[in-house]
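*Asks:* Residue numbers (my numbering), protein chains in the order written: chain A, -17 to 324; chain B, 3 to 169; chain C, 58 to 174.
Even glycine gets a Cβ: it sits at the ideal position worked out from N, Cα and C.
Would you mind keeping the following structure in view while I ask a few things?
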Amino acid sequence: MSGVWIEAGVKVAVLMGLLLTGAAYLTWVERKVSGFIQARIGPNRVGPLGLLQPLADGLKGFFKEDITPKYAYRPLFLLAPALAFVPSLAVFAVIPFGDRLPILGRVISLRVADPNIGILFVFALASMQVYGVAFAGWSSNNKYALMGGLRASAQMISYELAMGFSVVGVLMITGSLRLSEIVFHQQGLFHWNLFIQPIGFVIFLVAGFAEANRLPFDLPEAETELVAGYHTEYSSMKFAMFPLSEYFHMMAISALTVILFFGGWQVPGLRAAGLAPLAVSILELAAMGLKMGFFLFLFIWVRWTLPRFRYDHLMTMGWKILLPLSLVNVFWSGIGILMGWF
Amino acid sequence: MENLFGLAIAFVAIFSGLMVVLHRNPMVNLVSLIINLASAAIFFLLLGGQFIAAIQVIVYAGAIMVLFVFVIMLLNLRRELDPPKGGRIQKILYLPAALALAAGLVYAALGPRIALPAPPPPGPDFGSVERVGELLFTDHLFAFEFVSLLLVVAMVGAVVLAKRRLD
Amino acid sequence: MEGYAAVLIFVIVGFAFAFGTFFISWVVHPHNPNPTKLSPYECGIEATTQPRDRYSIRYYLIAVLFVIFEVETIFLFPWAVKYQQLGLFGFVEMTVFIGILVVGYIYCWKKGALEWV
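Written out as C-alpha cells, the structure is:
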C-alpha cells in the first residue's frame, strides 16, 4: 500500500516540476518565436539568449503589490485563480506520456493514472475549468471583468460540446475511453486516427484553441474591448495563475491531440528495430515531446497569423458549424465501421 | 483508508449542504452546491461507479451549475443580500414543515428496515463505461430513446421562454 | 482504485501550490493601498454605475442548450465504446436518438435561438 503511495508521490513531484518548468519556458519560447515572426529579437537581456527571463518574471510576480479592489468579494476573489489553476494541472494525471520505463531494476509506467473513463475524466476537469474564469469575473466587481468572465464561460461551454462530439469517432474505432488503449490502437503510421478521422481532428484542434482561450479565440481578454477581461483586477501571483493555467491548458490540448490523433508516443517501426527496451522508452518519450512541441509551436504560429474573431462569429461557428459537422462525423464513422472501412 | 476518506468527504458534503441553505450570499450558496455535487461524485467513485462519477461532475457540477452561475452572475445582488422578507404562509408553515421532515428522516434512519434482496456481488468491470453501455443499449433501450424526447421538450421549452425576450 | 489516489494527490498539491504562492507573495510584496488603487478599474474614469447589470438573455439560452447537448454527449460515450459489438442495431438506435434531437436543434435554429446579434 505505502509503496503505491510513494511511487504515485514521486511521479506527481517529477511531473509537477516538469510542468512548471515547461510552462515557464513556454513563455520564453512564445516570446522568442513571436519575436522571430515579427522580425525582432525577443527577450535577450536576462542571461544568455534571455534564458533566465522566465525566472525573472516569476520573481517579479512575487514582489509586485497585490491589490484586491475595495468592492471585490474577497473569498471568491482569492479562490478563483486557484480554481482556474488546479483543473488545468490535474488533467496531466491521466495523460500517458509513454508506455513503460525499465529503470533501476523497476518497470515504471509513464502515466500517473490510467482510469477506465480516461477521456471523460479530461472532460470532467474541463467542465470545472469554467468556474475559475466565471468567479474571477464576478468577484472582481468590475464591468470589464464581468463581461470577460461571462464571455469566457459562454465560449468555453459552446466549444466543449464540439470537442466532446469530435472525439466520439475515435472512441468508436478504439472501443475504449482509456487513453493508453487509444494510443495502442494506432500502431503504424496509417493507423493514426489523423488519417481515419480527419474531420474529427480539425474540430478537436479548433475547439482546443477556443477552450484554451488562445488567439484567434481570445475574446474574453480582447484588450481593445474589455481591457484584460476576467483578470482585469488581478495583480501579482494571483494574476500569474491565469497565464500559468493557460499554458498548462495549451500543453494539455497538445498532448491530447497527439494521443487521440497522432499515435501518442509511438514511432512507426521503432519497436521492430531491435533496440534495448530502455532506449526505446526514451526515444518514445522524446517522440511524444516532439509531437507536443509541434502543436505548441502551432499555437504560437496561429497567434500571429489569424486575426481575432468577432464574438457573434465565434458563437455562430461553435453552434452552427462545428456542432453539426461533428454530428455528421459521428454518423459517418458509424457507417464506416459498419461497412468495415476503418 | 477508503472508509476514512469517505467519512471525511461525508463531512464536506454535509457542511457544504448546510452552506447552500444558510449562507446569505447567493454566490457562496452556488460554490457550496458545486462542492456538494462534487463530493457526491467522490462517493460514486468510492462505490466503484467511475462512469457515474464522471457524469455527476460533467452534467451536474459542470453543465447545470454553469447555468446557475450565469443566472446569479447577472442578478443585481444588492436586493438579494438584504434579509429575506418571507410571506405570511411561509411564516406559519416553516416550523411544522421542518419538524415533519426531521421526523421523516429520523424514522428512515431508526425505523424498521425494508428487507431488500442482497444485490449480486459486483463483477470486475462493475461501473465501467463498457458495462453501462451494454446495459443501456440493450435492457434499457426504451428509456434511452425516451430521453431524447425529453431533451427535445426541454429544448423547445427553453426557446419558447426565451423567445419573448429575444424579439 | 486505478490510480485515483494519485489524482487526489495532484489536486491537493495543486491547491497547496496555488495558495502557497499567494501566501509567499503576500509576505514579500509591499502593502501600500490607497483609495485610487482600490477603486474598480474603469479606464481612468470614476465608475458611475454598478457593474452587475442585466445582460442579454442569450447567455441563459446558451447555457440551457449546453446542458441539453451535454447530456446527449454523455449518452454518446458509452455507445461509442460498445459500438462495434452493437453493430447495425446500435447504429439504428443512435440514429433515432440523434434524429429526434436534430429536430429540436433545427427548431432552435429556425427560431433564431442560435443567432447572436
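Does the separation of the CB atoms of residue 106 of chain A and residue 59 of chain B fall below 7 Å?
*Replies:* yes
*Asks:* Confirm, please, whether the CB-CB distance from residue 97 of chain C to residue 51 of chain A is below 7 Å.
*Replies:* Going by C-beta atoms, residue 51 of chain A is nearer than 7 Å to residue 97 of chain C.
*Asks:* Would you identify the three-state DSSP class for residue 90 of chain A, choosing helix, strand or coil?
*Replies:* strand
*Asks:* Anything in chain B within Cβ reach of residue 98 of chain A, meaning under 9 Å, just list it in chain order.
*Replies:* 52, 53, 127, 129, 130, 131 and 132
*Asks:* Strictly by DSSP, which residues pair up with residue 330 of chain A?
*Replies:* Beyond the ends of chain A as shown, which are -17 and 324, falls residue 330 of chain A; an answer cannot be given.
*Asks:* Round the Cβ separation of residue 100 of chain A and residue 76 of chain A to the nearest angstrom and send it over; I've been treating them as touching at under 8 Å.
*Replies:* About 6 Å; that satisfies the 8 Å criterion.
*Asks:* Ordered along the chain, which non-local residues of its own chain (more than five positions away) have a Cβ less than 8 Å from that of residue 196 of chain A?
*Replies:* 228, 232, 281, 284 and 285
*Asks:* Closer than 7 Å by C-beta to residue 121 of chain A: which residues in its own chain qualify, once you throw out the five before and the five after it? Chain order, please.
*Replies:* 54, 55, 58, 59 and 62
*Asks:* Do you know offhand how far residue 145 of chain C's Cα is from residue -2 of chain A's?
*Replies:* 46 Å
*Asks:* Taking only the alpha-carbon atoms, compute the straight-line gap between residue 150 of chain C and residue 133 of chain B and give it to the nearest angstrom.
*Replies:* 17 Å
*Asks:* Please list, in chain order, the residues of the segment 116 to 128 of chain A that have any C-beta partner in chain C closer than 9 Å.
*Replies:* 120, 122, 123, 124, 125, 126, 127 and 128
*Asks:* Is residue 274 of chain A buried or exposed, if buried means 16 or more other CB atoms sit within 10 Å of its CB?
*Replies:* buried
*Asks:* Provide the residue span of the alpha helix (DSSP H) that contains residue 57 of chain A, from first to last.
*Replies:* First-last of the alpha helix (DSSP H) with residue 57 of chain A: 56 to 72.
*Asks:* Report the three-state DSSP secondary structure of residue 135 of chain C (helix, strand or coil).
*Replies:* helix
*Asks:* So with CB distances below 7 Å, who are the chain C contacts of residue 60 of chain B?
*Replies:* 127 and 131
*Asks:* Mind checking the segment 17 to 48 of chain A against chain C and listing, in chain order, the residues whose C-beta falls within less than 8 Å of any C-beta there?
*Replies:* 43, 44, 45, 46, 47 and 48
*Asks:* Considering only residues of the same chain and omitting the five flanking positions on each side of residue 311 of chain A, which have a CB-CB separation below 6 Å?
*Replies:* 151, 181 and 182
*Asks:* Give the range of the beta strand (DSSP E) segment to which residue 82 of chain A is assigned.
*Replies:* 82 to 85
*Asks:* May I have a chain-ordered list of the alpha helix (DSSP H) segments no shorter than 4 residues that lie completely inside the segment 199 to 260 of chain A?
*Replies:* The alpha helix (DSSP H) runs of length 4 or more contained entirely in the segment 199 to 260 of chain A are, from start to end of the chain, 205 to 208 and 218 to 243.
*Asks:* Tell me the DSSP secondary structure of residue 140 of chain B in three-state form.
*Replies:* Correct three-state label for residue 140 of chain B: coil.
*Asks:* Identify the contact partners of residue 64 of chain B in chain A, using a Cβ-Cβ distance below 8 Å as the criterion.
*Replies:* 106, 109, 110 and 112
*Asks:* Are three or more beta carbon pairs between the segment 126 to 143 of chain A and the segment 63 to 72 of chain B nearer than 8 Å?
*Replies:* Taking 8 Å as the limit for Cβ pairs, the verdict is that the segment 63 to 72 of chain B does touch the segment 126 to 143 of chain A.
*Asks:* Mind pulling the chain B residues with CB within less than 7 Å of residue 121 of chain C?
*Replies:* What residue 121 of chain C touches in chain B, judged by beta-carbon distance under 7 Å, is 69 and 160, going in chain order.
*Asks:* Starting from the beta carbon of residue 170 of chain C, find every residue of chain B whose beta carbon is closer than 9 Å, and list them in chain order.
*Replies:* 157, 160, 161, 164, 165 and 168
*Asks:* I believe residue 44 of chain A touches residue 219 of chain A by the beta-carbon criterion, under 8 Å. Please report the beta-carbon distance rounded to the nearest angstrom.
*Replies:* Right, their Cβ atoms sit about 6 Å apart.
*Asks:* Determine the direct distance from the alpha carbon of residue 152 of chain C to that of residue 167 of chain C, and round the result to whole angstroms.
*Replies:* Roughly 22 Å separates the two Cα atoms.
*Asks:* Given a cut-off of 7 Å on the beta-carbon distance, is the pair residue 267 of chain A and residue 80 of chain A in contact?
*Replies:* yes
*Asks:* Residues of chain B with a CB under 8 Å from the CB of residue 97 of chain C: which are they?
*Replies:* Near residue 97 of chain C there are no residues of chain B at all, since even the closest Cβ is about 15 Å away, more than 8 Å.
*Asks:* Can you find a C-beta in chain D that's less than 7 Å from the C-beta of residue 14 of chain B?
*Replies:* Judged by its chain identifiers, the structure shown contains no chain D, and its protein chains are A, B and C.
*Asks:* Evaluate the contact criterion for the segment 18 to 28 of chain A versus the segment 60 to 76 of chain C: three or more CB pairs, one atom per stretch, below 8 Å.
*Replies:* These segments do not touch.
*Asks:* Leaving out five residues before and five after residue 291 of chain A in sequence, what residues of the same chain have Cβ atoms less than 7 Å from its Cβ?
*Replies:* 198, 199 and 201
*Asks:* When you compare the CB of residue 114 of chain C with every CB in chain B, is at least one pair closer than 7 Å?
*Replies:* Chain B has a Cβ within less than 7 Å of the Cβ of residue 114 of chain C.
*Asks:* Confirm, please, whether the CB-CB distance from residue 115 of chain A to residue 212 of chain A is below 7 Å.
*Replies:* Yes; because the gap between Cβ atoms is below 7 Å, this pair is in contact.
*Asks:* What residue does the alpha helix (DSSP H) around residue 148 of chain A start on, and which one ends it?
*Replies:* 125 to 148 is the extent of the alpha helix (DSSP H) around residue 148 of chain A.
*Asks:* So, is residue 287 of chain A buried or exposed, given that buried needs 16 or more other C-beta atoms within 10 angstroms?
*Replies:* exposed
*Asks:* Sorted by chain position, which residues of the same chain lie with C-beta nearer than 7 Å to residue 158 of chain C's C-beta, five sequence neighbours on each side aside?
*Replies:* Taken in chain order, the residues that qualify are 129.
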